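I have placed the structure first, in the form of structure tokens, so that the comments after it can refer back to it.
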Amino acid sequence: MGQPVTLVLGLGREVGEAIARRFEDEGHKVLVADPSQERIDTARDTLDDAVQFYHGELHSRLGLRNAVTAAVEAFGRVDHAVIVPAYEDPDTLLDFAQEKFEKALGKSARGAAMALRVIAERLLEQEDLPETGVERKRQKGSITFVLRYAAAASMPGRFTDTVSQAAIQGVMRAGALELAEHTIRVNAIVSLRPSEERATPWSLGRVPLGRAVLADEIAGAAFFLASRDAAFMTGQSLIMDGGRATLSGVLD
Numbered sequence: 001m002g003q004p005v006t007l008v009l010g011l012g013r014e015v016g017e018a019i020a021r022r023f024e025d026e027g028h029k030v031l032v033a034d035p036s037q038e039r040i041d042t043a044r045d046t047l048d049d050a051v052q053f054y055h056g057e058l059h060s061r062l063g064l065r066n067a068v069t070a071a072v073e074a075f076g077r078v079d080h081a082v083i084v085p086a087y088e089d090p091d092t093l094l095d096f097a098q099e100k101f102e103k104a105l106g107k108s109a110r111g112a113a114m115a116l117r118v119i120a121e122r123l124l125e126q127e128d129l130p131e132t133g134v135e136r137k138r139q140k141g142s143i144t145f146v147l148r149y150a151a152a153a154s155m156p157g158r159f160t161d162t163v164s165q166a167a168i169q170g171v172m173r174a175g176a177l178e179l180a181e182h183t184i185r186v187n188a189i190v191s192l193r194p195s196e197e198r199a200t201p202w203s204l205g206r207v208p209l210g211r212a213v214l215a216d217e218i219a220g221a222a223f224f225l226a227s228r229d230a231a232f233m234t235g236q237s238l239i240m241d242g243g244r245a246t247l248s249g250v251l252d
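Numbering-wise (UniProt numbering), the sequence shown opens with residue 1 and increments by one.
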């Protein structure tokens with residue numbers, strides 16, 4: 001059986017690197033794409049030499065196609081994609097500027113929709129990998145978005161970011177329904193990011209488990225959603241918040 005190929009679109013600050021490492025450790029061939037050469041250079045120093053990289057923008061059809069093409073040229077195919085969207089700078093409703101807001105919202109929602117389309121087109125045009133083991137209807141592949149917790153619950157000073165993350169989650173749900181008949185699964189992870197917790201330690205008082213999420217834990221969830229163990233999951237948002245959504249008020 002050939003090795004599955006996973007495309008990681010966006011490194012973020014830690015999460016994309018952890019995802020690439022987990023999938024590579026699990027036997028996947030991995031290509032990481034990011035618009036920041038600096039982040040790619042940092043990841044290249046810490047990831048296995050077998051991981052490939054692509055430097056380019058990821059919000060246009062052409063940029064996304066180039067990233068997919070880079071994976072196909074490196075490994076011959078793409079089976080899974082994990083998308084780590086960039087997030088917006090802090091702002092408030094009173095900072096609202098129509099042009100800036102429309103640009104941010106359009107970039108996030110349009111980029112997510114275009115990523116679904118470009119990746120799905122590639123999945124549908126290639127042959128399935130041979131399967132062994134338990135008899136199960138073959139699935140073409142999976143696409144997973146890794147979203148900030150703003151997609152589930154907002155906080156002051158994150159107006160545009162909250163709207164943008166929620167828009168991507170909407171794209172995920174609608175896309176999952178559209179692609180289900182083609183046996184392409186689309187899900188999301190909604191999580192506090194490790195860097196957010198360190199930057200705002202006050203939020204730990206709102207997490208019943210009493211600690212920040214680890215990048216490796218988000219990576220593990222991403223691998224689960226791409227695996228056969230999640231074969232009946234699509235259109236779902238896996239919440240990783242340490243119990244925060246169930247808490248009324250603040251912990252002592």
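Glycine included, every Cβ here is placed at the ideal spot set by N, Cα and C. All figures in this text were calculated on a predicted structure; none of them were measured in a lab.
Which of the three DSSP states, helix, strand or coil, is assigned to Asp128? If DSSP states are grouped into helix, strand and coil, Asp128 belongs with coil.
Tell me the DSSP secondary structure of Lys140 in three-state form. In this structure, Lys140 counts as coil in the three-state DSSP scheme.
Excluding the five sequence neighbours on either side, which residues of its own chain have a C-beta within less than 6 Å of the C-beta of residue 257, listed in chain order? This structure does not reach residue 257, given that the chain is present from 1 up to 252, and the question cannot be answered.
Pairs of beta-carbons, one from the region 211 to 226 and one from the region 11 to 25, closer than 8 Å: are there three or more? yes
From what residue to what residue does the alpha helix (DSSP H) around Gln37 run? 37 to 46
Which residues share a DSSP beta bridge with Arg148? Ser191
Met240, DSSP secondary structure in three states: strand
Please look up how many angstroms separate the CB atoms of Ile189 and Leu238, rounded, as I've assumed it's under 8 Å. The distance from the Cβ of Ile189 to that of Leu238 is about 5 Å, consistent with a contact at the 8 Å cut-off.
How close, in whole Å, do the beta carbons of Ala166 and Ala151 come, if the pair is a contact with beta carbons under 8 Å? 5 Å
State the DSSP-derived secondary structure class of Ala3, mapped to helix, strand or coil. Looking at the sequence itself, residue 3 is Gln, so the reference to Ala does not match. It is coil, neither helix nor strand.
Please list, in chain order, all residues of the same chain as Gly235 whose beta carbon is under 8 Å from its beta carbon, the five residues on each side excluded. Met172, Arg173, Ala176, Leu177, Ala180, Val186, Asn187
If you follow the alpha helix (DSSP H) that Phe224 is in, where does it begin and where does it stop? 215 to 226
Are three or more beta carbon pairs between the region 37 to 50 and the region 75 to 85 nearer than 8 Å? no
By the 10 Å Cβ neighbour count, where 16 or more other Cβ atoms means buried, how is Leu11 classified, buried or exposed? When all chains shown are included, Leu11 counts as buried.
For the alpha helix (DSSP H) that Val163 lies in, which residues bound it at each end? 159 to 180
Does the separation of the CB atoms of Ser154 and Leu225 fall below 8 Å? no
Taking buried to mean at least 16 other C-beta atoms within 10 Å of its own C-beta, is Gly157 buried or exposed? With fewer than 16 Cβ atoms within 10 Å of its Cβ, Gly157 is classed as exposed.
Boundaries (first-last residue) of the alpha helix (DSSP H) holding Ala70: Start and end: 61 to 75.
Do you know offhand how far Ala71's Cα is from Arg22's? 18 Å
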